[in-house]
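Shown next, in structure tokens, is the structure this report addresses.
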Amino acid sequence: MTKAAQTSSRILPQITDRWSPRVFGQETIDEELLRMLFEAGRWAPSSNNLQPWLVIWGIKGTKQYDRIFDCLDEFNQSWAGNSQALILCGYKKTNPEGKENFHALHDLGLFMGNVSAQAQHLGVALHQMAGVDYKKAMKEFNVPDDFHIATATAIGYYGGDLEKLPEDLQKEETKKRSRKEQTSFTFNGDFDRELFTK
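Residue numbers (the numbering used here): 2 to 199.
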């Protein structure tokens, strides 16, 4: 199944064709492929080149995968178990002087943007999740307090069997992709709340 975006400008196919399935093909994901994704992320820009990102990964069938899976919320556990790899994504909250790094979450987003583009280039699908118990994850993986686990990501190839999903999620999986119009969030001048909330 493909779900190409209907864009208003010509953009890269790695962006138009990318979407976030909840069911994945059965082809295995190995460490070499994950390393390619992480290498793409490694070269993302970051404030002061601090590279504050943190990734904890596990491949299906391993203890690490199961440990990550156990940190997901119940809803995400209902579908994420058909992925071939799981990762936890976090960031270091402070700079080397111990002061708050206000840009660390932004930098993690840039890291995952690179990972996402590289994955799409390889025909690999990602589904990023906010539904993760970050406190449980930090305790489970001995992550220090000056870090924060922000998200989890399910990884696998496109082409999964919809029948493996609960019925309500099968409908979600086939819905047309949509986004807010640019005019609701880009302003050549003053911010307009009415436009933003459309």
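All C-beta atoms in this analysis are idealised placements derived from N, C-alpha and C, irrespective of residue type, glycine included.
Residue i, DSSP secondary structure in three states
i    : result
F188 : coil
T175 : helix
F148 : strand
W58  : strand
A120 : helix
L127 : strand
Y66  : helix
W80  : helix
L166 : coil
P14  : helix
S48  : helix
Q27  : coil
K199 : coil
E141 : helix
Close beta carbons around residue i, own chain, < 6 Å, minus the five adjacent residues each side
i    : result
F142 : I57
F112 : G42, A45 and W54
L38  : V116, Q119 and A120
K199 : S185
Rounded separation between residue i and residue j - CA only
i    : j    : result
F103 : E164 : 43 Å
S185 : A151 : 27 Å
K181 : E173 : 18 Å
Q121 : T17  : 10 Å
G190 : G160 : 44 Å
T154 : S21  : 10 Å
Q52  : F197 : 31 Å
N115 : G91  : 15 Å
E28  : D193 : 47 Å
S1   : A105 : Within the shown structure, residues of the chain are numbered from 2 to 199, placing residue 1 beyond reach of any answer.
D162 : I30  : 17 Å
A138 : P145 : 11 Å
H128 : C72  : 16 Å
L170 : K177 : 14 Å
G124 : L89  : 21 Å
I156 : K140 : 23 Å
Per DSSP, cross-strand counterpart(s) of residue i
i    : result
V133 : L73
A101 : The sequence given here has Glu at residue 101, not Ala. Per DSSP, T95.
T154 : I88 and Q129
Cβ shell of residue i (< 7 Å), same chain only, five flanking positions each side left out
i    : result
R43  : none
M76  : In the sequence as presented, Met is not what sits at residue 76; that position holds Phe. G132.
S79  : P167
F70  : Q78, A81, G82 and L87
H149 : G91, Y92, K94 and Y135
Residue i: CB within 7 Å of a non-hydrogen atom of the ligand ADP
i    : result
K181 : Looking for the ligand ADP in the displayed structure turns up nothing, as the structure carries no ligands at all.
8 Å Cβ shell around residue i - same chain, five flanking residues per side excluded
i   : result
Q65 : I57, W58 and G59
E32 : I60
Beta carbon proximity, residue i to chain C, threshold 8 Å
i   : result
I88 : The chain labelled as chain C is not found in the depicted structure, where only one protein chain is given.
Inset, instruction - Decide yes or no for the touch test of the region 92-99 against the region 117-137: beta carbon pairs closer than 8 Å, at least 3 of them. - result: no
Inset, instruction - Report yes or no: do three or more beta-carbon pairs, one from the region 47-61 and one from the region 84-92, lie closer than 8 Å? - result: yes
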